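Step one of this worksheet: look at the structure below.
Numbering (my numbering), first residue to last: 8 to 57.
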């Protein structure tokens, strides 16, 4: 599957978080609550996308 972020076409897997795809492709997306050692819950809403 492919997504488009800031005009760049990025490959991703079904079920993968957009934030993880962006980070893997060196696209900085501010996020406070997403951390590898805790379950993502989206509480801060800082990294929301359209």
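Beta carbons are placed, not taken as given, at the ideal position from N, Cα and C, and that holds for glycine. Bear in mind the structure is a predicted one, so any value in this text is a computation, not a measurement.
Checklist entry - Cα separation between residue 9 and residue 55? => result Position 2 of the chain shown holds residue 9. Position 48 of the chain shown holds residue 55. As the crow flies, the alpha-carbon of residue 9 is around 18 Å from that of residue 55.
Checklist entry - Going by C-alpha distance, which of 19, 27, 32, 50 is nearest residue 43? => result Translated into the one-based positions of the chain shown, residue 43 becomes position 36. Residue 27 is the option with its Cα nearest to residue 43.
Next on the checklist: My assumption, with CB atoms under 8 Å, is that residue 32 sits in contact with residue 17. Please give the rounded CB distance.
Outcome noted: Counted from its first residue, the chain shown places residue 32 at position 25. Counted from its first residue, the chain shown places residue 17 at position 10. With a Cβ gap of about 5 Å, residue 32 and residue 17 count as contacting.
Checklist entry - For residue 36, which option in 25, 15, 50 has the closest C-alpha, if you only look at C-alpha atoms? => result Position 29 of the chain shown, counted from the start, is the residue given in the question as residue 36. Measuring from the Cα of residue 36, the nearest candidate turns out to be 25.
Checklist entry - The alpha helix (DSSP H) with residue 28 in it runs from where to where? => result As a working mapping, residue 28 is identified with position 21 in the chain shown. Residues 25-31.
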